[in-house]
């Protein structure tokens, strides 16, 4: 079982920035892909961004140009840099890691965009 520990959520004003972190307990060589989902109140969980072991990235249309996913293999940490935040970005953000036969999830971190 892969352990994932998220950090970095919080309260931010519209137009502000936050960086989420997700520390994972396995080597990148064991991982097929990683990424972030989010779930807003009353809505389904949606994919925000994903990155493969080969560093190919994929973003939801709603965050393209504002969010950047990256990872630090030496630190076994996944990041989500979120800029130009909007009210509609308010949600609980969950990181995930895919290894053969298994997807593991972080505990979730709340991001609230409010003035």
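Numbering (this note's numbering), first residue to last: -9 to 105.
The beta carbon of each residue, even a glycine, is placed where N, CA and C say it ideally should be.
Please specify which runs of the alpha helix (DSSP H), each continuous and at least 4 residues long, are wholly inside the stretch 4 to 47, giving them in chain order. Taking only runs of at least 4 residues, no alpha helix (DSSP H) segment lies wholly in the stretch 4 to 47.
Is residue 79 buried or exposed, if buried means 16 or more other CB atoms sit within 10 Å of its CB? On the chain shown, residue 79 is found 89 positions in, with the first residue counted as 1. When all chains shown are included, residue 79 counts as buried.
Following the continuous beta strand (DSSP E) through residue 62, name the residue where it begins and the one where it ends. Within the chain shown, residue 62 is the residue found at index 72, counting from 1. In the DSSP annotation of this structure, the continuous segment of the beta strand (DSSP E) that includes residue 62 starts and ends at 57 to 62.
Taking the beta strand (DSSP E) that residue 0 belongs to, which residues open and close that run? Start at 1 with the first residue of the chain shown, and residue 0 comes out as number 10. Per DSSP, residue 0 belongs to the beta strand (DSSP E) from 0 to 2.
Buried or exposed for residue 35, going by 16 or more other Cβ atoms inside 10 Å? Taking the chain shown and counting its residues from 1, the one referred to as residue 35 is at position 45. Per the 10 Å Cβ criterion, exposed.
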